[in-house]
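Residue numbers (the working numbering), protein chains in the order written: chain A, 203 to 391; chain B, 203 to 391.
Glycine included, each C-beta is placed from N, C-alpha and C at the ideal position.
As the structure is a computational prediction, the values presented were derived from the model and not from experiment.
Reviewing the structure listed below.
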DNA sequence: CAAAAAAGTTGCCCTATGTCAACGTTTTTT
DNA sequence: AAAAAACGTTGACATAGGGCAACTTTTTTG
């Protein structure tokens, strides 16, 4: 149940086994369904999630009803509605599992308790932030000035998992193009 | 010379005056010209900058020669080519001052020394990261699905400073629209 | 396993926005 | 102060890609 999380933590930090056990003891398990919402736009996000199995999507719904995918996280990764988690304001974005998933989660209270008492955990958090920042930045700015074809080529190169595991519709909304355009582009390579 | 930095640090952290003096003692001052490059695309970023006066722009130049503005930082803020600063890889982006500016800067070595020895500074860094993440996210995702007019309205609402202090050309490249389009949109409010 | 729902594909048309160029204005340089 | 360069504005034109709809294929559900 906690093996994957332990493995990941061991890889990312240098904690002894006791500390490791202590950390994971704060996590609880939850099984979720395809398309199950974890956090709604109005809610304040209270948990940090770790994906044992499945996939989490972060998205928004615009006034005209279109949904925009912001981020996908797969197995062995952490995910949450970070701005809301940090500032405890309404998320203004949705968190959902797009497949039946097995997640571990830790409450915000416990999370910050660990950050404030375990330097190794604080360091892990810093790394998560640094990484998240870099990835978000690469992804977003990577697209600047790209046309539809270039975006698709970019995604194939940098996140091939996405095209394999996620519906066209969601990939399209992630790339900021329409589903039809994505379909057309893919048919021409 | 260090008053502004001290003021900002005092507001953001709860350090005693001695620690404060110690922190600022690692910073050096530099005066730069309009359009002076601080970090080139090929360089590895070695400094974290604090803006006493002026404005820093982060941008890239695409293969076809267009420049894309990623970020503007004004007085009383920190700025650097963060991914490069963190990972010590070539920046793949440029850092420049777009007006004559007065900057304070701290070397990466000293910066991480402070992060690793002063918990208050570590906390400050965490806050900078959290904030940077949230702002970048808001800005980027804020634009998703916006047309040119909506982007301009967004910028007027959220970063009015930009339109006042930065050339149309740079604002346009920040918004991901052409200078002509920006000009046309502005003329219709 | 059948029916229903969702997702993907493709054609047609249309609009927002890019490109280019000409021109006027402002800023920079010397 | 004059010359040069950069910037902003506007018109004419071209086009990528969105919206919609009809149809097919895949997935989900009972």
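Its chain contains 298, 299 as the residues whose beta carbon lies nearer than 7 angstroms to that of residue 238/A, once the 5 sequence neighbours on both sides are disregarded; these appear in chain order. As for any beta strand (DSSP E) of minimum length 3 sitting wholly inside the segment 297-380 of chain B, the runs are 303-309, ordered along the chain. Taking 9 angstroms as the cut-off, the beta carbon of residue 277/B is found no closer than this to the beta carbon of residue 308/B. Within its own chain, no residue has a Cβ closer than 7 angstroms to the Cβ of residue 321/A once the five positions on either side in sequence are excluded. In the three-state DSSP reduction, residue 272/B falls in the strand class (E or B). In the assembly as shown, residue 268/B is an exposed residue. Its beta-carbon has fewer than 16 other beta-carbons within 10 Å. The alpha-carbon separation between residue 289/B and residue 380/A amounts to approximately 35 angstroms.
Judged by DSSP in its simplified three-state form, residue 383/A adopts helix. Collapsing the DSSP output to three states places residue 220/A in a helix.
Counting C-beta pairs with one atom in each stretch, the segment 212-229 of chain B and the segment 363-379 of chain A have fewer than three that are closer than 8 angstroms, which means they do not touch.
With fewer than 16 neighbouring CB atoms inside 10 Å of its own CB, residue 318/A falls in the exposed class. Inclusion of residue 343/B and residue 272/A in the CB contact set at 9 angstroms is warranted, their separation being smaller than that value.
With fewer than 16 other beta carbons inside 10 angstroms of its own, residue 230/B counts as exposed.
When CB distances to chain A are screened at a threshold of 7 angstroms, the residues of the segment 338-355 of chain B falling below it are 338, 339, 342, 343, 346, 347, in chain order. For residue 328/B, the chain A residues whose Cβ falls inside 9 angstroms of its Cβ are 317, 324, 327, 328, 331, in order along the chain.
Short of 7 angstroms from the beta carbon of residue 203/A, and not among the five residues preceding or following it, lie these beta carbons of its own chain, in chain order: 231. In the DSSP annotation of this structure, the continuous segment of the beta strand (DSSP E) that includes residue 252/A starts and ends at 249-255. Within the segment 282-313 of chain A, contact with chain B at the beta-carbon level (separation under 7 angstroms) is assigned to 284, 285, 288.
With respect to the C-alpha of residue 337/A, the residue from 286/B, 243/B, 262/B having the closest C-alpha is 286/B. In this structure, residue 256/A sits away from residue 282/A, with a CB-CB distance that is not shorter than 9 angstroms. Under the Cβ criterion of 9 angstroms, residue 259/B is not counted among the residues facing chain A. Under DSSP, residue 292/A shares a beta bridge with 246/A.
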